[in-house]
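Enquirer: Numbering (this note's numbering), first residue to last: 105 to 509.
Following this message is one structure expressed as structure tokens.
Set out below in structure tokens:
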């Protein structure tokens, strides 16, 4: 499994809007994601940006209405429309939305859309009054009823100086939305996957917490890989600055107790639980009601064990049959395989992902990981140093084997 946009043929329509400058970044990001991007600029778009800009970032010819009347004009629009696996119009002006809604064939872009049999994705961009106008709203409604996917527009400052809903969403969000849509028919389509991520925070007083160095990067990478495989993903995560993958349902928690409650609420009907979160083993037995002041003397803390979420989940699965697949993580500083094997057996896991947190190039707070997969049937697989996204793809591939049938 990999990014579902890899190798996809995308036709990007750029229309007359100041937001056309964002389309160049979008074309670049789609190309970097592995897509083959053909660009069609309307006459209005060329007042804001040139075809050469898009040819420079995609490495492919950018088309204009002049190509419609060229030597191969009678087939150019058919070729573009039929070759496309996705048509993205970004920015989509009010004029273009009206043309597409009513099936007008008076430009290369509108003709290519008429000739296509692929999904249509629209990212509107216009002044707030234009977007809210009943005519525009009727056109949008008609296009959505026909199956078009609408992304945005966003709230914000507009070229007119007004503030409201009308800004084209950022290119990164459009790419994320396309990635999500492209993965909907993957091997985990229709399957519910629950993933936990990040390090829990156990309150010591109203200011301080006991926590760990987990960044949440591996758990968020797992959520993206599961989405790429078509799953419905619930991501239960502790506080982090990481963006939630587009399409995942996010449940925010802080402590181990909150994480347990969230996991138990999501388990019924879940096909898999992947416990990538670094859950605190202990918490203060009696958190202080007020901030603990520094008085120069030593401070003694009494800690109590937190709930063992994996053990409780394993026991619940024995009674209900959910989740079908249970995956744990073991972050160890010594005796990695021995400790991971013990955890695998004690908590009735299907497999466990073991990583040595003493390594400087893997584990906590890095973009790479070096792990060993240990399976309930006695097998093991040692993976080389790779990105956390690649580790996530390998883990999800094993989940597919257990859930896709």
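We put the CB at the ideal spot given by N, CA and C, even for glycine.
Being a predicted model, the structure only gives us computed values, none of them experimental.
Are the C-beta of residue 363 and some C-beta of chain B separated by less than 8 Å?
Expert: Structure shown: chain B not included; a single protein chain is present.
Enquirer: Is residue 180 helix, strand or coil by DSSP?
Expert: Residue 180 sits at position 76 when you count from the first residue of the chain shown. Correct three-state label for residue 180: helix.
Enquirer: Between the Cα of residue 288 and the Cα atoms of 333, 231 and 138, which residue gives the shortest distance?
Expert: Here residue 288 corresponds to residue number 184 of the chain shown, with the count starting at 1. Nearest option by C-alpha distance: 333.
Enquirer: Identify the continuous alpha helix (DSSP H) that holds residue 107 and give its terminal residues.
Expert: Position 3 of the chain shown holds residue 107. Unbroken run through residue 107: none, as it is neither H nor E.
Enquirer: Using 8 Å as the threshold, is the segment 223-233 in touch with the segment 185-201, meaning 3 or more CB pairs across them?
Expert: Yes: the two stretches touch, three or more of their Cβ pairs being nearer than 8 Å.
Enquirer: Check each candidate in 238, 163, 262 and 250 and name the one with the smallest Cα separation from residue 121.
Expert: Here residue 121 refers to the residue found at position 17 when the chain shown is read from its first residue. Cα-wise, what sits closest to residue 121 is 262.
Enquirer: Please say whether residue 478 and residue 456 have beta carbons closer to each other than 8 Å?
Expert: As a position in the chain shown, residue 456 is number 352, starting the count at 1. As a position in the chain shown, residue 478 is number 374, starting the count at 1. Closer than 8 Å, so yes.
Enquirer: Assuming residue 413 is part of the alpha helix (DSSP H), what are its boundary residues?
Expert: On the chain shown, residue 413 is found 309 positions in, with the first residue counted as 1. Element bounds for residue 413: 413-424.
Enquirer: Between the Cα of residue 247 and the Cα atoms of 204, 467, 255 and 216, which residue gives the shortest distance?
Expert: Mapped onto the chain shown, residue 247 falls at position 143. Among 204, 467, 255 and 216, the Cα nearest to that of residue 247 is on 204.
Enquirer: To which residues of the same chain is residue 341 closer than 8 Å at the C-beta, ignoring the five residues directly before and after it?
Expert: Numbered from its first residue, the chain shown carries residue 341 at position 237. Here the set comprises 300, 301, 302, 320, 323, 324, 348, 354, 355, 356, 357 and 381.
Enquirer: Here's a check: name, in chain order, each residue in its chain whose Cβ is nearer than 6 Å to the Cβ of residue 123, leaving out the five neighbours to either side.
Expert: Locating residue 123 in the chain shown gives position 19, where the first residue counts as 1. These residues qualify, in order along the chain: 195, 229 and 272.
Enquirer: Taking 8 Å as the cut-off, does the segment 279-296 touch the segment 437-454 (at least 3 CB pairs, one atom from each stretch)?
Expert: In short, these stretches do not touch, since the Cβ pair count stays below three.
Enquirer: Give me the Cα-Cα distance between residue 209 and residue 219, rounded to the nearest whole angstrom.
Expert: Working through the chain shown from its first residue, we reach residue 209 at position 105. Working through the chain shown from its first residue, we reach residue 219 at position 115. Going from the Cα of residue 209 to the Cα of residue 219 covers about 10 Å.
Enquirer: Taking DSSP's pairing of strands, which residues face residue 267 in a bridge?
Expert: In the chain shown, residue 267 corresponds to position 163, counting from 1. According to DSSP, residue 267 bridges with 261.
Enquirer: Within a Cβ cutoff of 8 Å, which residues of the same chain sit near residue 152, ignoring the five residues on either side of it in sequence?
Expert: By 1-based counting over the chain shown, the position of residue 152 is 48. Closer than 8 Å at Cβ, skipping near neighbours: 120, 121, 122, 124 and 125.
Enquirer: Under three-state DSSP, which class holds residue 160?
Expert: Numbered from 1 along the chain shown, position 56 holds the residue referred to as residue 160. Here residue 160 sits in helix by DSSP.
Enquirer: Quick check: does the Cβ of residue 363 come within less than 7 Å of any heavy atom belonging to the ligand GDP?
Expert: As for the ligand GDP, it is missing from this structure, which has no ligand bound.
Enquirer: When you compare each of 375, 467, 270 and 400 to residue 292 by their alpha carbons, which one comes out closest?
Expert: Taking the first residue of the chain shown as 1, we reach residue 292 at position 188. It is 375.
Enquirer: Would you kindly check if the distance between the Cβ of residue 327 and the Cβ of residue 352 is under 8 Å?
Expert: Indexing the chain shown from 1 puts residue 352 at position 248. Indexing the chain shown from 1 puts residue 327 at position 223. In this structure, residue 327 lies closer than 8 Å to residue 352 by Cβ.
Enquirer: Whole alpha helix (DSSP H) runs in the segment 242-327 with 4 or more residues, listed along the chain?
Expert: Counting whole runs of 4 or more residues, the segment 242-327 contains the alpha helix (DSSP H) stretches 275-286.
Enquirer: What separation, rounded to the nearest whole angstrom, lies between the Cα atoms of residue 240 and residue 217?
Expert: For this step, residue 240 is matched to residue 136 along the chain shown. For this step, residue 217 is matched to residue 113 along the chain shown. Approximately 19 Å, taken between the alpha carbons.
Enquirer: Keeping to the same chain, check which residues put their C-beta closer than 7 Å to that of residue 465; ignore five residues upstream and five downstream.
Expert: Numbered from its first residue, the chain shown carries residue 465 at position 361. If we look at residue 465 and ignore the five residues flanking it on each side, its Cβ neighbours are 472 and 489.
Enquirer: Does the segment 139-150 touch the segment 108-120, meaning 3 or more C-beta pairs lie closer than 8 Å?
Expert: They touch, by the three-pair rule.
Enquirer: If you draw a straight line from the C-alpha of residue 421 to the C-alpha of residue 331, how long is it?
Expert: Counted from its first residue, the chain shown places residue 421 at position 317. Counted from its first residue, the chain shown places residue 331 at position 227. Distance between the alpha carbons of residue 421 and residue 331: 24 Å.
Enquirer: Closest to residue 406 by CA distance: which of 461, 392 and 318 is it?
Expert: Locating residue 406 in the chain shown gives position 302, where the first residue counts as 1. Selected option, being the one with the closest Cα: 392.
Enquirer: Any idea what DSSP makes of residue 436, helix, strand or coil?
Expert: What you label residue 436 is simply residue 332 of the chain shown in a count that begins at 1. Looking at residue 436 - three-state DSSP - the assignment turns out to be strand.
Enquirer: Are the CB atoms of residue 493 and residue 459 nearer to each other than 8 Å?
Expert: Locating residue 493 in the chain shown gives position 389, counting from the first residue. Locating residue 459 in the chain shown gives position 355, counting from the first residue. For residue 493 and residue 459, no; Cβs fall outside 8 Å.
Enquirer: Label residue 447 either buried or exposed according to how many other C-beta atoms from any shown protein chain fall within 10 Å of its C-beta, with 16 as the threshold for buried.
Expert: Numbered from 1 along the chain shown, position 343 holds the residue referred to as residue 447. Buried, by the Cβ-count rule.
Enquirer: Provide the residue span of the beta strand (DSSP E) that contains residue 140, from first to last.
Expert: For the purposes of this step, residue 140 is identified with residue 36 of the chain shown, where counting begins at 1. Taken as a continuous stretch (DSSP letters only), the beta strand (DSSP E) holding residue 140 covers 140-145.
Enquirer: Could you check what DSSP says for residue 468 in three-state terms: helix, strand or coil?
Expert: On the chain shown, residue 468 is found 364 positions in, with the first residue counted as 1. Residue 468 falls in the coil class under three-state DSSP.
Enquirer: Considering only residues of the segment 188-226, which uninterrupted beta strand (DSSP E) runs meet the minimum length of 3 residues and lie entirely inside it, listed in chain order?
Expert: Complete beta strand (DSSP E) runs here, min 3: 190-196.
Enquirer: In the DSSP assignment, the beta strand (DSSP E) including residue 340 goes from what residue to what residue?
Expert: If you number the chain shown from 1, residue 340 lands on position 236. Start and end: 336-341.
Enquirer: With C-beta atoms as the reference, is residue 367 less than 8 Å away from residue 313?
Expert: In the chain shown, residue 367 corresponds to position 263, counting from 1. In the chain shown, residue 313 corresponds to position 209, counting from 1. No, they are not a contact pair.
Enquirer: Compute the Euclidean distance between the alpha carbons of residue 235 and residue 260, then round it to the nearest angstrom.
Expert: The sequence position of residue 235 within the chain shown is 131, counting from 1. The sequence position of residue 260 within the chain shown is 156, counting from 1. Those two C-alpha atoms are separated by around 13 Å.
Enquirer: Less than 8 Å between the C-beta atoms of residue 171 and residue 180, yes or no?
Expert: By 1-based counting over the chain shown, the position of residue 171 is 67. By 1-based counting over the chain shown, the position of residue 180 is 76. Contact flag set, yes.
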